[in-house]
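Asks:
In the working numbering, the protein residues as written are 1 to 289.
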């Protein structure tokens, strides 16, 4: 890891009553997310079992693990794509049981996807404005008649969309068709669209997938900028360990649907159970020999 990508060492992580850890700066504030004994079964398979995590209000947290560990399944439960079989999800102190995906988003959770899901035939700006739909409203008759209040709201949406696009210096691409963007730009646009819903918790599913080292470094800086600018929490799934260890303050490791370790970047890097999960027992023994 390069020195320039080490951004986490000054964060002091402290225990909270649930035995989880959060950044010291978030002590005394209601955690943005609390999961207790969360699990889901598909037939006789326990895809995720006894998943417990607490995320502070401005924490950048990581959820890592080998392929097939259940990470995206956790995201699907948090966003109510799947209804958990058991356990509790508290978002901003509100029990999410029974909510659907729209209600979960309005409660303050937004996500990107492992496989990009943009409206490819729409413009970059229109993709962002879709995310703004639950914030800027006007009446049906105002919209039909194109009343002054309608144009005022339209102007506000346009300005807000450009402001959000400026996070990634994409404002000049507002009129470009989303599907024609390079892969990395499409990844960034998906993050902007999620931010447009005004979340308190942003879930990023492999945001650096397909990016080159320069784009990944830029992404790391932008994730921190997003957290600082919007004062929100971010939970990311990622296989790029330079990114994870560089910006994640608390890290949770999942394997076969169960948590095998929690801790800071330094603790996770030195955890023999985590090393074995990633490398396998035989490779671990070979390394030690």
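Just so you know, even glycine gets a beta-carbon here, dropped at the ideal spot from N, CA and C.
How about residue 108 and residue 92: do their beta carbons lie closer than 8 Å?
Replies: Contact flag set, yes.
Asks: Evaluate contact between the segment 49 to 67 and the segment 29 to 38, counting only Cβ atoms and requiring at least three cross-stretch pairs below 8 Å.
Replies: Yes, the segment 49 to 67 is in contact with the segment 29 to 38.
Asks: With a threshold of 6 Å on Cβ separation, who are the neighbours of residue 253 within its own chain once the five nearest residues in sequence on each side are excluded?
Replies: Excluding residues within five positions, the ones whose Cβ falls inside 6 Å are 64, 65, 260, 261, 274.
Asks: Please work out which residues of its chain come closer than 7 Å, Cβ to Cβ, to residue 39, disregarding the five sequence neighbours upstream and downstream, and give them in chain order.
Replies: Closer than 7 Å at the Cβ level, and outside the excluded window around residue 39, lie 46, 48, 49, 50, 51, 84, 85, 86, 87.
Asks: Does the contact criterion of 3 or more C-beta pairs under 8 Å hold for the segment 97 to 111 versus the segment 192 to 203?
Replies: Result yes; three or more Cβ-Cβ pairs closer than 8 Å.
Asks: Roughly how many whole angstroms lie between the Cα atoms of residue 185 and residue 265?
Replies: The alpha-carbon atoms of residue 185 and residue 265 are separated by roughly 28 Å.
Asks: For a test of the three-state rule: what should DSSP assign to residue 196, helix, strand or coil?
Replies: Coil.
Asks: Can you tell me whether residue 48 is helix, strand or coil according to DSSP?
Replies: Residue 48 falls in the strand class under three-state DSSP.
Asks: Run through the DSSP bridge pairs and tell me what residue 253 is partnered with.
Replies: DSSP lists 64, 261 as partners of residue 253.
Asks: Restricting to runs no shorter than 3 residues, where is the beta strand (DSSP E) found entirely within the segment 180 to 249?
Replies: Runs found: 201 to 205, 233 to 237.
Asks: What residues are listed by DSSP as bridge partners for residue 84?
Replies: None; residue 84 has no bridge partner.
Asks: Using only the alpha-carbon positions, how far apart do residue 247 and residue 268 sit?
Replies: For residue 247 and residue 268, the distance between alpha carbons rounds to 13 Å.
Asks: If contact is defined by three or more beta carbon pairs under 8 Å, each pair taking one atom from either stretch, is the segment 115 to 132 in contact with the segment 95 to 102?
Replies: Output reads no: the segment 115 to 132 does not touch the segment 95 to 102.
Asks: Could you tell me whether any Cβ in chain C is nearer than 8 Å to the Cβ of residue 36?
Replies: In the displayed structure, chain C is absent; only one protein chain is listed.
Asks: Alpha carbon to alpha carbon, what distance is there between residue 156 and residue 1?
Replies: Any reading at residue 1 must be qualified, since the residue scores a pLDDT of 45, below 50, and its modelled position is unreliable; the value itself is stated next. The alpha-carbon atoms of residue 1 and residue 156 are separated by roughly 42 Å.
Asks: Suppose you measure from the CA of residue 183 to the CA of residue 251; what does that come to, to the nearest Å?
Replies: If I take the Cα positions, the gap works out to 27 Å.
Asks: Following the continuous alpha helix (DSSP H) through residue 75, name the residue where it begins and the one where it ends.
Replies: Element bounds for residue 75: 71 to 78.
Asks: DSSP on residue 272, reduced to helix/strand/coil?
Replies: Note: residue 272 maps to helix in three-state DSSP.
Asks: My assumption, with CB atoms under 8 Å, is that residue 174 sits in contact with residue 162. Please give the rounded CB distance.
Replies: Right, their Cβ atoms sit about 6 Å apart.
Asks: Considering only the alpha carbon of each residue, which of 43, 60, 42 lies closest to residue 26?
Replies: The residue with the shortest Cα to Cα distance from residue 26 is 60.
Asks: How long is the line joining the alpha carbons of residue 169 and residue 31, rounded to whole angstroms?
Replies: Approximately 31 Å between the Cα atoms of the pair.
Asks: Would you kindly check if the distance between the Cβ of residue 167 and the Cβ of residue 226 is under 8 Å?
Replies: Closer than 8 Å, so yes.
Asks: Going by DSSP, which residues form a beta bridge with residue 39?
Replies: Its beta-bridge partners are 86.
Asks: Report buried or exposed for residue 44, applying the criterion of at least 16 other Cβ atoms within 10 angstroms of its Cβ.
Replies: When all chains shown are included, residue 44 counts as exposed.
Asks: Leaving out five residues on either side along the sequence, give the residues of the same chain with a beta carbon under 7 Å from the beta carbon of residue 127.
Replies: The answer, listed in chain order, is 118, 119, 178, 189, 193.
Asks: Return the residue from the list 23, 12, 62, 172 that minimises the CA-CA distance to residue 241.
Replies: The residue with the shortest Cα to Cα distance from residue 241 is 62.
Asks: Take the Cβ of residue 28 as the centre, count every other Cβ of all protein chains shown within 10 Å, and call the residue buried at 16 or more, exposed below.
Replies: With fewer than 16 other Cβ atoms within 10 Å, it is exposed.
Asks: Tell me the residue span of the alpha helix (DSSP H) that contains residue 130.
Replies: Start and end: 124 to 131.
Asks: Looking at C-alpha atoms only, which residue of 94, 216, 98 is the closest neighbour of residue 187?
Replies: Of the candidates 94, 216, 98, the one whose C-alpha sits nearest the C-alpha of residue 187 is 216.
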